[in-house]
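What follows is a single structure, written as structure tokens, with notes after it.
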Amino acid sequence: MTIFTGKTEAAAITAGLDALNATREQVTVQVVTAARKGWLGIGHREAQVDVQLKVPTSTTQSTSATPQPQASEEAQGTSVASAAPRVAAKPAPTVTQSAQPAQSAQNGAQRQAAIAAVADYVTTIVDQLGIQATVDVQQPARRQVRLELATDKEGLLIGKHGRTINALQSLAQLFLNHHGAAHVVVELDVADYRERRRTTLARLAENTAREVVASGKPIYLDPMPSFERKQIHAALAKNRHVTTYSAGKEPHRAVVIEPA
């Protein structure tokens, strides 16, 4: 492999072309490491690409193959001419079919690189908060990643009403969105806080629904992040006596429960 670096992938490719004294059409390029701008100055990384000169095998084959249809045409007349379009049409679908798996593989590699990098990103932020923690990366589904943090300062990492860990989770999601994994949903957890919070939200939803039915008046819950609002909506989705919706603007958007 011949690796070249640059602030962007384009800059790294240009460096490779200059070093090999070649044009873009004369080389093959493979992205080894995507460039990363970082977030708030953290996690910056230059792009790395593998630039190789193409082997001119296709040119040699096509040159040697050129006299054959001419000789055959002289011997057989128009029969070869009618067969020529079928020979020329074969390479086109082959290129398309091979390009699709290659692009899919590159996207998958970029997504996995972002998932691996987000753990380092969160660890760096937590360390700057003065909290020593280890991060265990779990991937329960293809487009879902879970970061399990272990620390002896669980309360400090969770924060009041979960504000600290929710803020860290928002930063981690933004990191993935900006590094080729926008469709991957990330969840941060410490000391099984998320499961305890889900239980609390389900109980809150049921108790509030009973109060709404008894009073006949809507109730506004405290503002919550979007993933917690979804849990409230899901908890009351089958309740025929109340309806739920979200009102307000982020970060003060809240769930409203009202009589059906």
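In my numbering, the protein residues as written are -16 to 243.
Think of the CB as a built atom: it goes at the ideal place given N, C-alpha and C, for glycine as much as any other residue.
Which of helix, strand or coil does DSSP assign to Ile(-14)? The residue you call residue -14 lines up with position 3 of the sequence shown. Secondary structure of Ile(-14) (DSSP, three-state): strand.
Residue burial classification, Thr42 (beta-carbon count within 10 angstroms, cutoff 16): Here the question's residue 42 lines up with position 59 in the sequence shown. Caution is warranted here: a pLDDT of 44 is assigned to Thr42, below 50, making its placement in the model unreliable, and no coordinate value can be reported.
Pairwise C-alpha distance: Ala96 and Thr(-12): By 1-based counting over the sequence shown, the position of residue -12 is 5. By 1-based counting over the sequence shown, the position of residue 96 is 113. Per the coordinates, the alpha-carbon of Thr(-12) lies some 17 Å from the alpha-carbon of Ala96.
Please go through the same chain and pick out, in chain order, the residues whose beta-carbon is closer than 6 Å to the beta-carbon of Glu170, but skip the five residues on each side of it. For this step, residue 170 is matched to residue 187 along the sequence shown. For Glu170, where only same-chain residues beyond five positions count, the Cβ hits under 6 Å are Arg129.
In chain order, what are the residue ranges of uninterrupted alpha helix (DSSP H) at least 4 long that sit wholly in the stretch 114 to 167? Here the runs fully enclosed are 137 to 141, 146 to 160.
Arg177 - partner residues in DSSP beta bridges: Within the sequence shown, the letter at position 194 stands for residue 177. None; Arg177 has no bridge partner.
Assess contact between the stretch 109 to 116 and the stretch 124 to 139, defined as three or more Cβ pairs (one per stretch) separated by less than 8 Å. Is contact present? These segments touch.
Whole-angstrom C-beta distance between Gln13 and Leu36, which should lie under 8 Å: To locate residue 36, count along the sequence shown from 1; it is residue 53. To locate residue 13, count along the sequence shown from 1; it is residue 30. The C-beta distance from Leu36 to Gln13 rounds to 13 Å, too long to meet the 8 Å contact threshold.
Reference Glu233, options Gln127, Pro208, Ala18, Ala(-7), closest by Cα: As a first step, residue 233 is located in the sequence shown; it is residue number 250 there, counting from the start. For Glu233, the closest C-alpha among the options Gln127, Pro208, Ala18, Ala(-7) is that of Pro208.
Run through DSSP, which three-state label would Gln172 get? For the purposes of this step, residue 172 is taken as the residue at position 189 of the sequence shown. Strictly speaking, residue 172 in this sequence is Asp, with Gln absent from that position. In the structure shown, Asp172 sits in a strand (DSSP, three-state: E or B).
If we count the other Cβ atoms within 10 Å of its Cβ and call it buried at 16 or more, is Asn190 buried or exposed? Indexing the sequence shown from 1 puts residue 190 at position 207. Classification for Asn190: exposed.
Ala(-5) to Tyr104 span [Cα, whole Å]: Counted from its first residue, the sequence shown places residue -5 at position 12. Counted from its first residue, the sequence shown places residue 104 at position 121. Distance between Ala(-5) and Tyr104, taken at the CA atoms: about 24 Å.
Member of Lys213, Thr(-9), Ala218, Val225 whose CA lies at the smallest distance from the CA of Glu194: Taking the sequence shown and counting its residues from 1, the one referred to as residue 194 is at position 211. Glu194 has its Cα closest to that of Val225, out of Lys213, Thr(-9), Ala218, Val225.
Which value, in whole angstroms, describes the spacing of the CA atoms of Thr227 and Leu204? What you label residue 227 is simply residue 244 of the sequence shown in a count that begins at 1. What you label residue 204 is simply residue 221 of the sequence shown in a count that begins at 1. Rounded to whole angstroms, Thr227 to Leu204 spans 11 Å at the Cα level.
C-beta contact flag for Arg148 and Gln122 at 9 Å: As a position in the sequence shown, residue 148 is number 165, starting the count at 1. As a position in the sequence shown, residue 122 is number 139, starting the count at 1. Arg is not the amino acid found at residue 148; the sequence shown has Ile there. Going by C-beta atoms, Ile148 is not nearer than 9 Å to Gln122.
Specify the secondary structure class of Arg236 as computed by DSSP and reduced to three states. Residue numbering aside, residue 236 sits at position 253 when the sequence shown is read from its first letter. Coil.
DSSP three-state assignment for Val101, whether helix, strand or coil: The count along the sequence shown starts at 1 and reaches residue 101 at position 118. Helix, per DSSP.
If I measure Cβ to Cβ from Gly199 and keep anything under 7 Å in the same chain, skipping five residues before and after, which residues do I get? Taking the sequence shown and counting its residues from 1, the one referred to as residue 199 is at position 216. For Gly199, the CB contacts under 7 Å within the same chain, skipping 5 residues up- and downstream, are Pro242 in chain order.
Between the CA atoms of Ala(-2) and Val239 - distance to the nearest angstrom: Numbered from 1 along the sequence shown, position 256 holds the residue referred to as residue 239. Numbered from 1 along the sequence shown, position 15 holds the residue referred to as residue -2. Each residue's alpha carbon lies about 57 Å from the other.
His144 versus Ala164 - alpha carbon distance: Along the sequence shown, one-based indexing puts residue 144 at 161. Along the sequence shown, one-based indexing puts residue 164 at 181. His144 and Ala164 have their C-alpha atoms some 28 Å from each other.
Could you check if Gln127 is buried or exposed, using at least 16 other CB atoms within 10 Å of its CB as the buried criterion? Along the sequence shown, read from residue 1 onward, the residue named residue 127 stands at position 144. Classification for Gln127: exposed.
C-beta contact flag for Ala244 and Pro201 at 9 Å: Since the first residue shown for the chain is -16 and the last is 243, residue 244 is missing from the structure and cannot be characterised.
Can you tell which of Ala(-7), Val196, Leu184, Asp119 has its C-alpha closest to the C-alpha of Ile215? On the sequence shown, residue 215 is found 232 positions in, with the first residue counted as 1. Ile215 has its Cα closest to that of Leu184, out of Ala(-7), Val196, Leu184, Asp119.
Could you tell me the alpha carbon to alpha carbon distance between Leu219 and Arg212, rounded to whole angstroms? Locating residue 219 in the sequence shown gives position 236, where the first residue counts as 1. Locating residue 212 in the sequence shown gives position 229, where the first residue counts as 1. Their backbone Cα atoms lie some 11 Å apart in a straight line.
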